[in-house]
Amino acid sequence: MRVVTLSAPDDVDGWRDAARGLLADHVAPDAVVWQVGDAATDLFAATAAGPPPAPRHDAAAPAMRVPRAFLDLANNAALHQDPERFALLYAMLWRLRATPRLTDDHADPLVRRIETLAKSVRRDIHKMRAFVRFRSVSDDAGERYVAWFEPEHHIVRANAAFFVNRFASMRWSILTPEVSLHWDGAALQEGPAAERGDAPEGDPIEEVWKTYYASIFNPARVKVGTMLREMPRKYWKNMPETALVPQLLATAQARESGMIDKARARESTVGDNARAAWEALRDEASACTRCHLYKPATQTVFGEGPVDATMMFVGEQPGDQEDLAGQPFVGPAGQVFDRALAAAGITRAETYVTNAVKHFKFEPRGKRRIHAKPDAGEIEACRWWTEQEQMLLRPKVTVALGATAARSLFGKVMTIGRERGRELRLPDGGAAWITVHPSYLLRLPDEAARASEYERFVEDLRMAHAALG
Amino acid sequence: MAQLDVRQKLEILADAAKYDASCASSGTSKRTSADGKGIGSTEGMGICHAYAPDGRCISLLKILLTNSCVFDCHYCINRKSSNVRRARFSAQEVVNLTLSFYRRNYIEGLFLSSGIIKSSNYTMEQLVEVARSLREDHHFRGYIHLKTIPDADPELVHQAGLYADRVSINVELPTVGGLRRLAPEKDGARIEGAMGEMKAAITDTADARTRYKSAPRFAPAGQSTQMIVGADAATDGEIVRKASTLYDRFGLRRVYYSAFSPIPDASAVLPLQRPPLMREHRLYQSDWLMRFYGFSTDEVVAAADEATGMLPLDMDPKLAWALKFRDRFPVDVNRAPRELLWRVPGLGTKAVKSILAARRWRRLRLDDVARLTVSIARVRPFIVCEDWRPVVLADRAELRPLVAPKVKTQQLELFAA
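In the order they appear, the protein sequences are chains S and W.
Mapped onto this note's numbering, the consecutive letters of the first sequence carry residue numbers 540 to 1008.
Mapped onto this note's numbering, the consecutive letters of the second sequence carry residue numbers 76 to 492.
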């Protein structure tokens, strides 16, 4: 049994020299025990007592050529905290003699295991570069920056060049439980292991940094899993900003719903260009092809009225005359609607009038175009526009004229007879009323029924108007 | 306005900047300050110095110079009609803040944007001045990302490219209609024109550097852009197509997708609720498929639902594509070309590379593939190996329950009281 003693846990050069000698002597991996200093790195080290035998290898023997890929792998994997790392690497090196292409076989169990070690080390190196936090202290020579860091693997020396290249003009120290590094602006020195207490307590800039951390967090999107995957808790204790996390998360939900409630309460403004936004929306809708109704129809009949209207009426769909005119509610039903509005004391010019479906759906019958009821798919396709109009106007009261409008606004089938005459809540929280479509009044055959239904319609409008307050 | 100290300004101006998704510090030229002059270094790979609870990386000091703005874009928290508190940093304050954060290893550099004050040129001058001061007065070698203003003088934009590692202009919304409606003062054509000019400048200097070593570097980390998802009518299919055009036409390094999120003091034009964050994630995945997995735009769009044009939220787009085109599978890991292996759900580019290297020497078995992947159970139905053939699986009419991720129950609160 050969015992190899390395000078430090990250003594990669020592491992390489020893491995070269062992190979030359044809020592099989299971006949070698690796240890660092006095500490055994192997379970069987204790049985292998006694002075190591003198190297016997023949200096004249040709050195084995090792693929570059293996050296890169070994340089990283050898820094892992796993006590078996040196033995594993020697085992792979041993196999490389017979199979030089082993480094390509990433599916081999041993190669895979070593690659996993190397990956873990590379990650730790990267995280150290990311999570070291310097604190500034002043001494006779000016400012000095000191950090306390606890890496997972033996990576501190391997990482020194990065910090030298980045902070060459600063004086800094990185203290770790294994070794400490000191840079004086010209040369790097190593010091003994340090303790957390050796590092300074705080730095006034940390408060500014924490302010930044809290402000850059978007409470409307919480993804704790992603944060923890990339910034595991083991690093938290040395990062000042992480102290804020519990509080930020605790208040996030409340902050987001606060924003929504505020928007709902209509405290917010549309801004100067509400009209411009509405015109853009109308232009966009004029080219709408979200359902097939655009094909036979003459044009999109978009809503009409001031963008600051407090009352919004939603009808079913444009009729024959609306389709030609490009305006909602100008045909026979529109005339009934105008009359009823006047009777209820509402000025149409102050309201916004639109339709749930914005293209005329019809069946040609000879020279006439007979109104056809839009189906659920068409209502759904057009709902996007009505929702946009609703969002832009944020009316205090929305009135659904007929079942199609109610379906579009509420997203489900509503029974007019049961729901009319009282205030309802839209899914977005706004107030809404449901009544019949004025064309329903035109279709009633009985004169008396028509009169009484008309009165009821006017009464519905009056109640909805009164709800404006 | 009462005088605000730097910390109060930072609170306002970082808050205002957080709706920009990009925080990348990667892909630039390699620099160090080993000469002892100045400070900072960059590697090819960026470094994320912290993560916020929103899962986003904090790599750069991401702030606005000012959140005052003459524009009134509805989706933007800084629009003219918004009631947010306004603040303005001086160039010197930004420089000092950047350096003091950098020295403590909090950041990789600076990402500076701004609301538009006075004029586009004036604003752009201010941004360039910060970058100039960092680079020339302090020899700062860290990363700088500057947002450029579409209407600014080309000479100013050019200077920005000389100081910055990356420059970006946001296209903001995936559809022209959406932009007209939500940002009436912005002009899609002008934004794209500016991106085109930027591309030309980047190509020109890269070309010059192949001939003259002394030619200046110009935005070595290229340009990027951002689109807001969920504020207009665009479907995933349309967004993917738009992104693909942007990559092709302007040679962008990255297109960022930002799920629209409610902002304080929102304009009434905006939807109240955010779209699911998963939608943003699925768009990034489809972006990856196009950039690294050899998927064409049409193929990614084919993974979306035909009726709605939306990518499925409950599985990644690659799996959705594979389930839709079952006839392309199984793929033989010992024979199939790279392009076909890339299409196997559960095999990443790294695993594919390893498979290609290993199979030159021996035929791979299922155990071998298992060592290269996270979950062999997901991969199994789609591959053939030396000792594996998904006979029964391939005949199953419905593969979905086998490979689709389990629907998670509501995520538990980590810090629940």
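Glycine residues also receive a C-beta, built at the ideal position from the N, C-alpha and C atoms.
Grouping DSSP H, G and I as helix and E and B as strand, with all else coil, what is W/CYS460?
-> Counted from its first residue, the second sequence places residue 460 of chain W at position 385. Secondary structure at W/CYS460: strand, using DSSP grouped into helix, strand and coil.
Of all the residues that make up the region 721-752 of chain S, which are near chain W by a beta-carbon distance shorter than 9 angstroms?
-> Listed by position, the residues of the region 721-752 of chain S near chain W (Cβ gap below 9 angstroms) are GLY724, ALA725, ASP742, ILE744, GLU745, GLU746, VAL747, TRP748, THR750, TYR751 and TYR752.
Opening and closing residue of the beta strand (DSSP E) in which S/ARG907 lies = Walking along the first sequence from the start, residue 907 of chain S turns up at place 368. Note, S/ARG907: beta strand (DSSP E), 907-910.
CB contact flag (W/GLY384, W/THR320, <8 angstroms) | Residue 384 of chain W sits at position 309 when you count from the first residue of the second sequence. Residue 320 of chain W sits at position 245 when you count from the first residue of the second sequence. Going by C-beta atoms, W/GLY384 is not nearer than 8 angstroms to W/THR320.
Okay, do the region 673-685 of chain S and the region 92-99 of chain W touch, 3+ Cβ pairs below 8 angstroms being the bar?
-> Contact between the region 673-685 of chain S and the region 92-99 of chain W is absent, because fewer than three Cβ pairs lie under 8 angstroms.
Using a C-beta to C-beta distance shorter than 8 angstroms, which residues of chain W count as neighbours of S/MET667?
-> Taking the first sequence and counting its residues from 1, one reaches residue 667 of chain S at position 128. What S/MET667 touches in chain W: nothing, since even the nearest Cβ is about 10 angstroms away.
Assign W/SER333 to one of two classes, buried (16 or more other C-beta atoms within 10 Å of its C-beta) or exposed (fewer than that).
-> As a working note, residue 333 of chain W is residue 258 in the second sequence. Classification of W/SER333: buried, given that the 10 Å Cβ count is 16 or more.
Does the beta carbon of S/HIS645 sit closer than 8 angstroms to a beta carbon anywhere in chain W?
-> The residue you call residue 645 of chain S lines up with position 106 of the first sequence. With a threshold of 8 angstroms between beta carbons, S/HIS645 makes contact with chain W.
Would W/THR278 be called buried (16 or more neighbouring beta carbons within 10 Å of its own) or exposed?
-> Taking the second sequence and counting its residues from 1, one reaches residue 278 of chain W at position 203. W/THR278 should be labelled exposed.
What does W/TRP436 reach in chain S if we use C-beta pairs closer than 7 angstroms?
-> In the second sequence, residue 436 of chain W corresponds to position 361, counting from 1. In chain order: ARG640, ASP643 and ASP644.
On the DSSP bridge assignment, give the partners of S/ARG814 in chain order.
-> The count along the first sequence starts at 1 and reaches residue 814 of chain S at position 275. In DSSP, S/ARG814 forms no bridge with anything.
Got a sec: which bits of the region 685-714 of chain S sit with their beta carbon under 8 angstroms from any beta carbon on chain W, in order along the chain?
-> Result list: ALA686, PHE701, VAL703, ASN704, ARG705, PHE706, ALA707, SER708 and MET709.
Among S/ALA826, S/GLN786, S/ALA707 and S/GLY741, which one has its Cα closest to the Cα of W/LYS112?
-> As a working mapping, residue 112 of chain W is identified with position 37 in the second sequence. Looking at the Cα atoms, S/ALA707 is the closest of the given residues.
Identify, in the order they occur along the chain, each residue of the same chain with its Cβ nearer than 7 angstroms to the Cβ of W/GLU488, setting aside the five sequence neighbours on each side.
-> The residue labelled residue 488 of chain W in the question sits at position 413 within the second sequence. Note that W/GLU488 scores 45 on pLDDT, short of 50, meaning its location in the model is unreliable and no value can be drawn from it.
Taking all protein chains shown into account, do 16 or more other C-beta atoms lie within 10 angstroms of the C-beta of S/PRO871, making it buried, or fewer, making it exposed?
-> For the purposes of this step, residue 871 of chain S is taken as the residue at position 332 of the first sequence. Flag for S/PRO871 reads exposed.
Taking all protein chains shown into account, decide if S/HIS976 is buried (16 or more other Cβ within 10 angstroms of its Cβ) or exposed.
-> Position 437 of the first sequence, counting from 1, holds the residue named residue 976 of chain S. A buried status is given to S/HIS976, since no fewer than 16 other beta-carbon atoms sit within 10 Å of its beta-carbon.
Rounded separation between S/PRO913 and S/TRP924 - CA only = For the purposes of this step, residue 913 of chain S is taken as the residue at position 374 of the first sequence. For the purposes of this step, residue 924 of chain S is taken as the residue at position 385 of the first sequence. If I take the Cα positions, the gap works out to 15 angstroms.
Closer than 8 angstroms, Cβ to Cβ, to anything on chain S: give me those residues from the region 456-467 of chain W, in chain order.
-> Cβ contacts with chain S come from no residue of the region 456-467 of chain W.
Check whether the Cβ atoms of S/ALA616 and S/ARG624 sit closer than 8 angstroms, and answer yes or no.
-> To locate residue 616 of chain S, count along the first sequence from 1; it is residue 77. To locate residue 624 of chain S, count along the first sequence from 1; it is residue 85. The answer is yes: Cβ separation under 8 angstroms.
Pick out whichever of S/VAL671, S/ARG705 and S/TRP711 has its Cα sitting closest to the Cα of S/SER1012.
-> Nothing in the structure corresponds to residue 1012 of chain S, since chain S is present only between 540 and 1008.
W/ARG324 by DSSP, collapsed to three states: which one?
-> Here residue 324 of chain W refers to the residue found at position 249 of the second sequence. W/ARG324 sits in a helix when the DSSP states are folded into three classes.
How many angstroms separate the CA atom of W/GLU168 from the CA atom of W/VAL81?
-> The sequence position of residue 168 of chain W within the second sequence is 93, counting from 1. The sequence position of residue 81 of chain W within the second sequence is 6, counting from 1. If I take the Cα positions, the gap works out to 8 angstroms.
Please confirm if S/LYS951 has its CB atom under 8 angstroms from at least one CB of chain W.
-> Translated into positions along the first sequence, residue 951 of chain S becomes position 412. So, not an interface residue.
What is the rounded straight-line gap between the Cα of W/SER157 and the Cα of W/GLU86?
-> Your numbering for residue 157 of chain W matches position 82 in the second sequence. Your numbering for residue 86 of chain W matches position 11 in the second sequence. One C-alpha to the other measures close to 17 angstroms.
Compare the beta carbon distance of W/LEU237 and W/LEU187 with 8 angstroms and say whether it is the shorter of the two.
-> Residue 237 of chain W sits at position 162 when you count from the first residue of the second sequence. Residue 187 of chain W sits at position 112 when you count from the first residue of the second sequence. The answer is no: Cβ separation not under 8 angstroms.
Put S/LEU727 into one of helix, strand or coil per three-state DSSP.
-> Along the first sequence, read from residue 1 onward, the residue named residue 727 of chain S stands at position 188. In the structure shown, S/LEU727 adopts extended strand secondary structure according to DSSP, grouped into three states.
On a CA-only basis, which of S/ARG559, S/ARG1001 and S/HIS692 is nearest S/TRP972? Give me that one, please.
-> Here residue 972 of chain S refers to the residue found at position 433 when the first sequence is read from its first residue. Cα-wise, what sits closest to S/TRP972 is S/ARG1001.
Residue-level contact to chain S via CB, W/THR107, 8 angstroms cutoff = Taking the second sequence and counting its residues from 1, one reaches residue 107 of chain W at position 32. It does: the Cβ of W/THR107 has a partner Cβ on chain S nearer than 8 angstroms.
Among the residues of its own chain, which have a CB less than 7 angstroms from the CB of S/LEU983, if the five just before and after it don't count?
-> Along the first sequence, one-based indexing puts residue 983 of chain S at 444. Within the same chain, Cβ atoms closer than 7 angstroms to the Cβ of S/LEU983 are found at ARG989 and GLU992, the five residues on either side in sequence being excluded.
S/CYS827 to S/PHE899, Cα distance in whole Å?
-> Taking the first residue of the first sequence as position 1, residue 827 of chain S is located at position 288. Taking the first residue of the first sequence as position 1, residue 899 of chain S is located at position 360. Here the alpha carbons of S/PHE899 and S/CYS827 stand approximately 13 angstroms from one another.
Can W/LEU364 and W/PRO405 be called in contact, C-beta distance under 8 angstroms?
-> Counting from 1 along the second sequence, the entry for residue 364 of chain W is found at position 289. Counting from 1 along the second sequence, the entry for residue 405 of chain W is found at position 330. It is not a contact, given that the beta carbons lie outside the stated cut-off.
Is S/ARG760 closer than 8 angstroms to W/LEU352 when the C-beta atoms are compared?
-> Taking the second sequence and counting its residues from 1, the one referred to as residue 352 of chain W is at position 277. Taking the first sequence and counting its residues from 1, the one referred to as residue 760 of chain S is at position 221. With a cutoff of 8 angstroms on beta-carbon distance, W/LEU352 and S/ARG760 are scored as near each other.
Under 8 angstroms by Cβ, that's how I've got S/ASP549 and S/HIS693 pegged, so tell me the actual separation to the nearest angstrom.
-> Within the first sequence, numbered from 1, the residue matching residue 549 of chain S stands at position 10. Within the first sequence, numbered from 1, the residue matching residue 693 of chain S stands at position 154. Cβ atoms of S/ASP549 and S/HIS693 come within 8 angstroms of each other, at about 4 angstroms.
Any C-beta of chain W sitting closer than 8 angstroms to the C-beta of S/VAL763?
-> Stepping through the first sequence from its first residue, residue 763 of chain S is reached at position 224. Yes, its Cβ sits closer than 8 angstroms to a Cβ of chain W.
Taking 8 angstroms as the CB-CB cut-off, is S/ALA617 touching chain W?
-> To locate residue 617 of chain S, count along the first sequence from 1; it is residue 78. By this cut-off, S/ALA617 is not an interface position.
At which residues does the beta strand (DSSP E) containing S/ASN894 begin and terminate?
-> Locating residue 894 of chain S in the first sequence gives position 355, counting from the first residue. Where S/ASN894 is concerned, the enclosing beta strand (DSSP E) stretches over 891-894.
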